[in-house]
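Notes for the one structure printed next.
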Amino acid sequence: MEPLARRTLLRSGLLATMTAVAGPALLTGCGSGEETSAPSNGTPRRGGTLRAAFTGAGAGETLNHFIGGTAMDMVRARALHATLGDLDPSAPDGVRYGVLETIEVDDELRAYTLRLRHGLTFSDGSALTARDVLWSLHSPAEDPASLPVYKNPASTFDFAGARVEDDHTLVLPTLAPVADGRLVLCQGNYLVVKENSDFSPEAATSGPFRLEEFAPGEGCLLTRNEEFAHPELDEAPYLNGLELRSLPDSEARAAALTGGQVDFAHDLSPITARTLRGDERFTVTSTTPPYVSGLFFRMNLAHEPFQDNRVRTAFKLAADREAMVESVFFGDATVGNDLLSPGFPDYADEIEQRAYDPDRARQLLREAGAEGMSVTLTTGPETPGMVEVATLYVENLVAVGVDATLEELPAGQLFADYPAYTGLPLAASFSVPTPALPLYQMSYGGQNPAALGWDRPDVDELVATARGTSGEESAQAGLAAQRALWEEGNTIAPVFKPFTTAQVPGVSGVADDLFEQFPGFSRATLT
Amino acid sequence: MSWGPFLLRRLAVAVPTLGALSALVFGATELLPGDAVSAIAGPSATEAERDAVRDRLGLDRDPVTRYLEWAGGALRGDLGTAYTGGRAVTELIGSRLPNSLLLAGLALLVTVPVSVTLGLLAGARAGRRSDRVVSTGVLLVAGLPEFVLATVLLWLMAAEADLLPQVSLVPLGGTPLGTPEILVLPVLTLAASGIAVGTRLVRSAGAEVAASPWVEAARLRGIAGTRLAVRHVLPGALAPATQAFGLVSGALVGGAIVVETVFGYPGIGLELQQAVAHRDVPLVQGIALVLCAITLATVLLADIAARALDPRRGSAR
């Protein structure tokens with residue numbers, strides 16, 4: 090954004106040399122800055138092209154976000170396609186609707202009626218209808234290549250029995266009574282794609298931006314969709330354009346920011362974030378619950394010592410959570426309470442915070458006859474801070490008399506052989522922001538392999554009751570299920586780390602788009 | 254030996270070597286931890302879904318059959334389909350290889366003259382102070398891993414001096430040549446490594462030639478300095494130096510893996526790094542095979558060039 094005189098001079102020299110060698114045809118693609126329009130009567134500024142860096146895939150990247158699991162895939166998809174809605178704990182239904190006007194639930198909690206806003210269109214001028222919404226939710230469940238996250242609604246809703254009542258009304262029956270269906274559908278990642286879209290660059294889209302240029306593995310250039318309609322956002326999106334750049338390395342993203350090549354860098358490592366916090370040229374922002382990622386360790390109940398709840402409790406008490414937050418994240422993280430999904434409405438924050446109590450942990454291990462037990466914690470650098478937290482936890486375990494060792498796998502290998510992963514005695518993992526009870530059903534319930542031996546039909550039943558009822562009954566069942574997990578579960582969740590981004594001061598409004606772990610830019614401005 | 258038998262003999266070595274390398278590449282990717290099924294089906298897939306993926310990819314067949322099918326495809330120019338995005342591996346490689354070849358080519362343009370100059374200077378004056386200075390300098394650079402070299406250059410020329418961009422972002426829809434400044438740091442890093450290796454090899458060849466009777470005779474005739482180096486040492490050192498640069502060229506393409514990752518430059522090296530991270534086995538195999546083929550081709554070309562430049566050809570052989 091700022092002119093860089095020395096670099097400009099050097100560039101001029103280089104260009105002159107290149108021109109002399111290769112001719113004037115090379116002098117293309119030299120972009121220039123854009124002016125932003127002055128604010129009028131307090132409304133956000135319009136204009137400018139914001140450049141942002143994210144982790145992307147390689148040259149094989151496609152525009153089909155159903156099969157692309159990187160941050161770039163999700164952010165680009167949210168720019169191109171309108172969302173059903175986002176989680177918003179401050180809103181009446183717990184969600185802020187996007188293309189939907191409301192979601193109504195029948196008294197038996199067996200049918201959800203989705204009502205679409207009127208007048209919504211795709212970029213080809215065609216109307217956005219309930220059929221498009223149904224296809225967007227249902228088609229990933231039918232495609233083996235789709236990411237698991239896009240198949241999740243199929244574990245709550247009976248898409249085969251879905252009814253399109255008219256262009257603006259879709260009725261989704263549930264597989265069992267469910268009260269939190271709105272939270273399932275409006276997580277920010279369920280987007281409306283035109284029915285039978287081929288996801289080509291020419292395909293019609295409905296989001297705040299339209300695709301101008303797509304270079305797989307390098308990035309994409311988007312321009313404002315003037316037809317984008319949102320009742321709360323009269324003139325949004327405010328940006329003229331959005332340039333998303335793919336940089337797989339956290340340091341490279343930070344370097345692009347400090348070097349003035351991008352205005353916004355996503356998902357920075359704790360150490361990089363700390364360095365940038367000391368630089369007044371940049372604003373570092375960390376997400377807060379519920380938009381945080383849990384770093385956790387799971388004890389495998391197939392391994393004998395962990396079948397004793399005293400051992401499991403000792404392993405939980407041994408974790409010095411505050412030290413992890415301070416040492417690894419320099420204080421910029423949240424202490425966990427061995428339960429996932431803090432910040433979501435269904436999270437049991439009534440349960441007391443687990444203390445760090447190494448003496449009690451030693452005593453419990455002694456009582457269980459597990460003093461001096463050997464265990465290997467397996468982890469990998471799958472997300473920033475994961476290995477560091479595991480390293481500290483192993484030290485904690487050693488301090489209470491466990492013969493603990495750390496095995497660090499190379500990046501990308503921890504979950505590579507999933508059957509082998511589910512056989513590990515003590516395995517690291519991380520969670521993405523998802524409401525607590527649907528997450529339980531996705532990753533714990535019904536002897537899910539990811540739960541590493543957790544098999545508690547009584548807790549499954551409590552979760553089903555919590556999701557299938559409302560009011561006090563739901564709250565009590567949800568609390569009882571999570572208390573059982575807290576007291577007897579096999580998960581140690583000591584830290585929830587934020588998604589940390591850095592930006593130049595002129596960028597604002599990114600967090601207003603909610604779903605902060607994969608930011609949207611429909612409300613962003615650049616000055 | 255005439256050119257025909259010479260070329261046939263070289264090809265007779267290169268082709269089976271490439272075949273052996275292809276088996277090695279395929280075998281190594283088979284031994285990588287993790288399996289393609291987990292990568293594609295995802296961690297929450299049921300056994301039935303895993304079986305369906307395994308069946309679709311033909312992974313239930315024995316490795317030898319799969320290798321023969323892959324190698325046969327490679328001979329026809331078909332390296333299979335990438336797991337990420339489902340596009341042809343050859344297409345993906347084709348979209349990135351020109352960027353890497355540009356980087357390696359530019360690095361070679363810097364490497365050759367600098368290495369020849371420094372190598373001849375040191376070789377012609379073997380054992381003297383100038384030789385010791387050059388040899389120590391290149392030894393120091395040769396001992397630095399490329400990522401350290403890249404980091405030092407980044408710090409000096411981008412972070413501190415702010416002369417160059419820290420990340421090699423190619424403009425969308427453009428080419429690296431459209432923004433030549435993004436090439437400088439990656440090229441310098443690659444060239445520094447190449448110069449360190451090249452100078453030592455040229456110095457060695459130069460020192461050998463400098464000790465030969467005909468150079469000694471030239472010295473006795475009073476020829477010294479640059480004239481001695483260029484007119485008497487260089488012709489004799491050219492052939493072995495050319496072969497050395499064949500090896501250096503291969504190393505430059507290989508070195509692109511590290512350099513492209515550090516600078517975020519969209520070449521075949523960065524693609525390989527990402528393919529490994531995403532466990533995209535067909536893409537890893539394809540890129541590794543292409544890198545092997547390029548290295549073999551450069552060595553072969555260097556052999557041919559060296560033979561053409563050898564002043565003894567036709568008399569000694």
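Protein chains in written order, with our numbering: chain A, 90 to 616; chain B, 254 to 570. Virtual Cβ for every residue (Gly too), placed ideally from N, Cα, C. Values in this document were obtained by computation on a predicted structure and should not be read as measured data.
Taking 9 Å as the cut-off, the Cβ atoms of R313 of chain A and G330 of chain A count as close. A540 of chain A places its beta carbon 9 Å or farther from that of H355 of chain A. The C-beta of A528 of chain B comes closer than 9 Å to at least one C-beta of chain A.
Not one beta carbon of chain B lies nearer than 9 Å to the beta carbon of P262 of chain A. In the structure shown, the three-state DSSP call for T590 of chain A is strand.
As DSSP reads the structure, L203 of chain A sits in a beta bridge with A:I192 and A:L259. For G557 of chain A, no CB of chain B lies under 9 Å from its own CB, so it is not counted at the interface with that chain. The residue from B:W408, B:D415, B:A414 and B:P439 with its alpha-carbon nearest to that of L422 of chain B is B:P439. Residues of chain B whose Cβ lies closer than 7 Å to the Cβ of R370 of chain A do not exist, since the nearest Cβ in that chain is about 13 Å away. Counted as a single uninterrupted DSSP element, the stretch harbouring R314 of chain B is not any beta strand (DSSP E), since DSSP gives it neither H nor E.
DSSP, read as helix, strand or coil, puts T270 of chain B in helix. Around A411 of chain B, the beta-carbon contacts reaching into chain A at under 7 Å are G348. Residue state for D427 of chain A is assigned as coil, using DSSP reduced to three classes. Against A437 of chain A, chain B offers no close residue; the least beta-carbon distance is about 24 Å (beta-carbon pairs closer than 8 Å).
In the three-state reduction of the DSSP assignment, D547 of chain A falls in the helix class, which pools H, G and I. Judged by pairs of C-beta atoms under 8 Å, the stretch 480-496 of chain B does not touch the stretch 399-411 of chain B, as fewer than three such pairs exist. CA-CA distance, E439 of chain A to Q565 of chain A, rounds to 11 Å. Annotation for E513 of chain B: the continuous alpha helix (DSSP H) segment containing it runs L487 to F516. With the criterion set as a beta carbon lying under 7 Å from some beta carbon of chain A, the members of the stretch 338-370 of chain B are G338, R340, L345, S348 and R349, in sequence order. Taking 3 residues as the minimum length, the beta strand (DSSP E) runs contained wholly in the stretch 364-448 of chain A are 372-375 and 381-388, in order along the chain. Within the stretch 276-335 of chain A, complete beta strand (DSSP E) segments of at least 3 residues are found at 298-304, 308-313 and 330-335, given in chain order. For the pair V273 of chain A and V188 of chain A, the CB atoms are not nearer than the 9 Å cut-off. Within the same chain, and ignoring the five residues on either side of F155 of chain A in sequence, the residues whose Cβ sits closer than 7 Å to its Cβ are P229, D232, S235, L236 and Y239. Proximity to V373 of chain A across A:Y380, A:T361 and A:A160 peaks at A:T361, based on C-alpha coordinates. Taking the C-beta atoms as reference points, P447 of chain A is found no nearer than 9 Å to L481 of chain A.
Under the 10 Å beta carbon count, V486 of chain B is surrounded by 16 or more other beta carbons and is classified as buried. One alpha carbon belongs to M531 of chain A, the other to N241 of chain A, and they sit about 8 Å apart. Rounded to whole angstroms, S383 of chain B and A395 of chain B show a C-alpha spacing of 18 Å. Distance from the CA of L402 of chain B to the CA of P366 of chain B, rounded to the nearest whole angstrom, comes to 21 Å. For Y482 of chain A, the enclosing alpha helix (DSSP H) covers residues M475 to A488.
Secondary structure note for T468 of chain A: its beta strand (DSSP E) is the uninterrupted segment S463 to T468. As summarised for the stretch 151-193 of chain A, the continuous alpha helix (DSSP H) elements at least 4 residues long and confined to that stretch are 160-169, given in chain order. By the Cβ rule, the stretch 295-305 of chain A counts as touching the stretch 152-171 of chain A, because three or more pairs are nearer than 8 Å. Interface annotation, L515 of chain A: not in contact with chain B, CB-CB separation never under 9 Å.
Around the beta carbon of S335 of chain A, a 10 Å sphere encloses 16 or more other beta carbons of the protein chains shown; the residue is thus reported as buried.
With its beta carbon less than 9 Å from one in chain A, L425 of chain B belongs to the interface.
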